[in-house]
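Numbering (this note's numbering), first residue to last: 5 to 529.
Don't be surprised by glycine CBs; every beta carbon is placed ideally from N, CA and C.
Accompanying notes for the structure given below.
So, in structure tokens, the structure goes:
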């Protein structure tokens, strides 16, 4: 793994881009939530026999394309309708919470913040009730246990570390012993993961210098922070200080509305791609290319993640809840959870991982990597150990999911090999081909940089072609790794294929390429 991902310094002078082996969230497919058809054959082509007749017929391709278009038309409307039914109540609750907090702050002096915390808590409870139903009682029980664990902070920094271990371990205990219906676990796991991240960050913030620096939040403040309607259902993580700063809304309603509309539109687009377009294209190209099947199936997984992230952005905008200062913010969309444009067309594996979940990256860097970060005189091995600890925590936060572990390990190795190779090539050739984005003409220290060369320069096109090749390779890795996350578990399918079937069909090519990058790096270094 590349220790540069968490370092303040980068391949470029003053370039403030960092990375972590992000939580590749188990976004999975949204089929169980938004109602995919029971039979894919009926949905897309109407049956195996009928499809064979179409292929045999001279006009089979045109009729097949017509069936594809009809299936999309019949899928888009139900998916859009169901996602609006899912999104609308949460948005209304966030807007209601914002309105009540604004009215309370304007009509009387803020002698007490307890009513504001209670407003957040009440709206968050209703949001979770609509999302998880009666399972909310279990989440409340775990939240009560978490508040009791906060009392460990009186022991200082050691108490915060014990709190972190216990909160992460609670997810394993929940999955193994408490909740027997495994089909319910993935949805609750995501909610509880955000709660655990909030608890851990609160513990380290309050014991920043080794001793308890401030009074442990009272029950109202704790419940308002944990169950704020903007973050309780879909995330993301926000620090307690950021939550307190946003108790009283500050942005105008017009600005929020201008940001809310595009987020909702992108939500509908993401779920349409996930439920309709990607599965249809995967089936359409099923007999032509295994890579295209992997790509479209993985796109369905990625689009599910985009939907969750953009929906979380919409809730943040509706509540006027900002993220921590280091997190990116867009004028059009507001706080950014992910950057799909950098994932779908990545400069490198490291750049797409960095853009997958930005708040999670900030949390891991601040609370896991930074405490383990060695001094400038420490060895590279010590630095690598800090990155390994960060990766381990990122994996454990997802509890028991072998697919996540495999994808994270593979991403770590592939990103490390690519980063080392490209850094070495950039040093040898004095060319801007590193894994990080070019900072621009004024800040890039490589002579052969497209921003410094004209279109008629040979080096301009060679550097562009090299970076384009690595982009194409990253897209292949993205499809290869993402397709494993399709589905809800590790069970063997009806046809006897395991969840690693796509990797087996591809001959584990992506892993061999990763091994080859390490060998090539060692050869030229």
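Contact between residue 317 and residue 338 holds: their C-beta atoms lie close to 6 Å from each other, under 8 Å.
Residue environment: residue 202 is assigned as buried (16 or more neighbouring CB atoms within 10 Å of its CB, all protein chains considered). Here residue 487 has 298, 301, 302 and 506 as same chain residues with Cβ atoms under 7 Å from its own Cβ, once five neighbours each way along the sequence are excluded.
Within the same chain, 201, 205 and 241 come within 7 Å of residue 367 by CB-CB distance, once the 5 residues on both sides are set aside.
For residue 426, the enclosing alpha helix (DSSP H) stretches over residues 406-433.
Annotation: residue 286 to residue 296 spans about 7 Å, alpha carbon to alpha carbon. When DSSP reads this structure, residue 334 sits in a beta bridge with 338.
Here residue 475 is not near residue 344, since their CB atoms are 8 Å or more apart. Residue 162: member of the alpha helix (DSSP H) spanning 161-177, first to last residue. Excluding its 5 nearest sequence neighbours in each direction, residue 371 has C-beta neighbours in its own chain below 7 Å: 204, 205 and 208, listed in chain order.
Counting along the chain, residue 508 sits inside the alpha helix (DSSP H) bounded by residues 505-509. Rounded to whole angstroms, residue 375 and residue 402 show a C-alpha spacing of 21 Å. Counting along the chain, residue 481 sits inside the alpha helix (DSSP H) bounded by residues 462-486. Counted as a single uninterrupted DSSP element, the alpha helix (DSSP H) harbouring residue 245 occupies residues 244-249. Excluding sequence positions up to five before and after residue 363, its CB lies within less than 8 Å of the CB of 239, 240, 241, 242, 327, 328, 331 and 341, all in the same chain and listed in chain order. Residue 452 carries a strand assignment under DSSP once its states are collapsed to helix, strand and coil.
Minimum Cα-Cα distance from residue 490 among the listed residues 132, 106, 283 and 518 corresponds to 283. Ranking 455, 192, 471 and 463 by CA distance to the CA of residue 147 puts 192 first.
When Cβ pairs closer than 8 Å are counted between the two stretches, the segment 121-132 is seen not to touch the segment 154-165, the count staying below three.
When the alpha-carbon of residue 522 is set against those of 416, 445 and 294, the nearest one is in 416. In the structure shown, the three-state DSSP call for residue 284 is helix. Judged by DSSP in its simplified three-state form, residue 439 adopts coil rather than helix or strand.
Around the beta carbon of residue 132, a 10 Å sphere encloses 16 or more other beta carbons of the protein chains shown; the residue is thus reported as buried. Residue burial annotation: residue 472 is exposed, with fewer than 16 other C-beta atoms found within 10 angstroms of its C-beta. Residue 98 places its beta carbon 8 Å or farther from that of residue 334.
Counting every other CB atom within 10 Å of its CB across the protein chains shown gives residue 414 a total of 16 or more, marking it as buried. The residue from 314, 260, 325 and 251 with its alpha-carbon nearest to that of residue 269 is 314.
Measuring C-alpha to C-alpha distances from residue 424 to each of 400, 354 and 411 identifies 354 as the nearest. Annotation: the continuous alpha helix (DSSP H) that includes residue 131 extends over 118-136. Runs of the alpha helix (DSSP H) spanning 4 or more residues and lying entirely within the segment 186-234 occur at 189-210 and 223-230, in chain order. The C-alpha of residue 142 is placed about 14 Å away from the C-alpha of residue 151. Contact between residue 418 and residue 481 is confirmed by a C-beta separation of about 6 Å, below the 8 Å threshold. Note on residue 527: under 16 other CB atoms within 10 angstroms of its CB, so exposed under the neighbour-count rule. Beyond the five residues adjoining it in sequence on each side, residue 321 comes within less than 7 Å, by CB distance, of 260, 263, 264, 267 and 338 in the same chain, given in chain order.
An exposed status is given to residue 107, since fewer than 16 other beta-carbon atoms sit within 10 Å of its beta-carbon.
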